[in-house]
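The opening position of the sequence shown corresponds to residue -11 in this note's numbering, with each subsequent residue numbered one higher.
Glycine residues also receive a C-beta, built at the ideal position from the N, C-alpha and C atoms.
Predicted model, so just to flag it, every value in this text is computed and none were measured.
Here the structure is laid out as structure tokens; the discussion comes afterwards.
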Amino acid sequence: MRKPIIAGNWKMHKTINEAKSFVEEIKGSIKETDVEAVICAPYTILKDLKEVTKGTNIKVGAQNMHFEENGAFTGEISPLMLKDLEIDYVIIGHSERRQYFNETDETVNKKVKKALEHSIIPIMCVGESLEEREAGDTKSIVKSQVEKGLEGINHEDIKKIVVAYEPIWAIGTGKTASSEDANEVIAYIREVIKNVSSEDISEEIRIQYGGSVKPSNVEEIMNQSDIDGALVGGASLEPKDFIELVNF
Ligand code: PEP
């Protein structure tokens, strides 16, 4: 059984005080279910978030990290620094990082490996653009991203990773892939993972959908056979919505 995982991606939103009151508001309402709830927050909030979520079943994640442990990389944050704060998850290769910060499949692969080495669970994002979808290239694009992202990672480690399938055209646009379409691509990703590892691992690995998930569509998405969770941007910023998403 794959444990469902709902992860909020706060992007570049919230101050420390806003984050603290958010957790205050949600912590009594996140049911003790089998759903894993994660908040991926800006670096400046992580330490405080870890503190205020102590004793709750809310996990804390970062939104990026460098693949080196230290060095002359001005402005970057390393896996050692995240480990220092006991961070549980890190988003790797979000499309916004690929688009605006030159993230490539190669850097994604290095970062995923490094996160695993430090026991931080990577949420590895893949997904096609609108042009790629319209050209009928969705599967070949995600296949290549998944294969390159997982290159050289041993099978036992692959199953610890969370993959997030996020069609770029559905992120922050209000457009969602139909739950059947999302499920079809995610089932295909499972097939790709089977080919680079094994059937058992492809059955164990958790794959999320991301792209305009909100309280009104989360249940339908989560009811799909191959979708194990959601990576949620906009709707994760409101305490009331986040509660509904996690308690779908
Ligand atoms: C995201 O940031 O990963 C995302 C899916 O955003 P949104 O839910 O706002 O589309």
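Which residues mark the beginning and the end of the alpha helix (DSSP H) in which residue i is found?
i    : result
L70  : P67 to D72
M210 : P203 to M210
P227 : P227 to V234
Q51  : Q51 -> no alpha helix (DSSP H), and no H or E assigned at all.
L37  : Y31 to V40
I129 : T126 to G137
A175 : S167 to V184
A266 : Look at the range of the chain in this structure, -11 to 236, and you will see that residue 266 is not part of it.
I189 : E187 to E192
For residue i, I'd like the list of residues in its chain whose CB is within less than 8 angstroms of its CB, leaving aside the five on either flank, ordered along the chain.
i    : result
G140 : N97 and K101
S186 : H143
K2   : F10, A29, P30, I33 and L225
Is it true that the CB of residue j sits closer than 7 angstroms to the CB of residue i?
i    : j    : result
V150 : I181 : no
V11  : V40  : yes
C113 : H143 : no
V234 : A7   : no
A29  : L37  : yes
V220 : I177 : no
G217 : I18  : no
L68  : E57  : yes
I195 : I174 : yes
I65  : I33  : no
K99  : I75  : no
K147 : E192 : yes
I108 : V78  : yes
K35  : L73  : yes
D214 : N183 : no
What distance in whole Å lies between the Cβ atoms of residue j and residue i, which are believed to be in contact at a cut-off of 8 angstroms?
i    : j    : result
N160 : G222 : A small fix is needed here, since residue 160 is Gly in this sequence, not Asn. 6 angstroms between Cβ atoms; contact.
T126 : E116 : 5 angstroms
T95  : F55  : 7 angstroms
Excluding the 5 residues preceding and the 5 following residue i in the sequence, name in chain order all residues of the same chain whose CB lies nearer than 7 angstroms to its CB.
i    : result
F230 : G(-4), I14 and S224
G199 : E154, P155, A158, I159, T164 and A165
Q133 : D93 and V114
M0   : P30
R85  : N52 and E91
S167 : E208, I209 and Q212
G162 : S200
K228 : none
In the DSSP assignment, find the unbroken beta strand (DSSP E) run with residue i in it and report its ends.
i      : result
N(-3)  : I(-7) to N(-3)
A25    : E24 to C28
R(-10) : No beta strand (DSSP E) holds R(-10); DSSP gives it neither H nor E.
I146   : Premise fails: I146 lies in the alpha helix (DSSP H), H143 to I146, not in any beta strand (DSSP E).
E218   : Note that residue 218 is Ala in the sequence shown here, rather than Glu. Counting along the chain, the beta strand (DSSP E) containing A218 begins and ends at G217 to V220.
I109   : I109 to V114
I4     : No beta strand (DSSP E) contains I4, which is instead part of the alpha helix (DSSP H) from I4 to I14.
A152   : V150 to Y153
Which same chain residues, not among the five before or five after residue i, have their C-beta less than 6 angstroms away from its C-beta?
i    : result
D145 : L104
T44  : K15
Is there contact here, the segment 116 to 134 with the segment 193 to 206, by at least three beta-carbon pairs under 8 angstroms? Flag = no, the segment 116 to 134 and the segment 193 to 206 do not touch.
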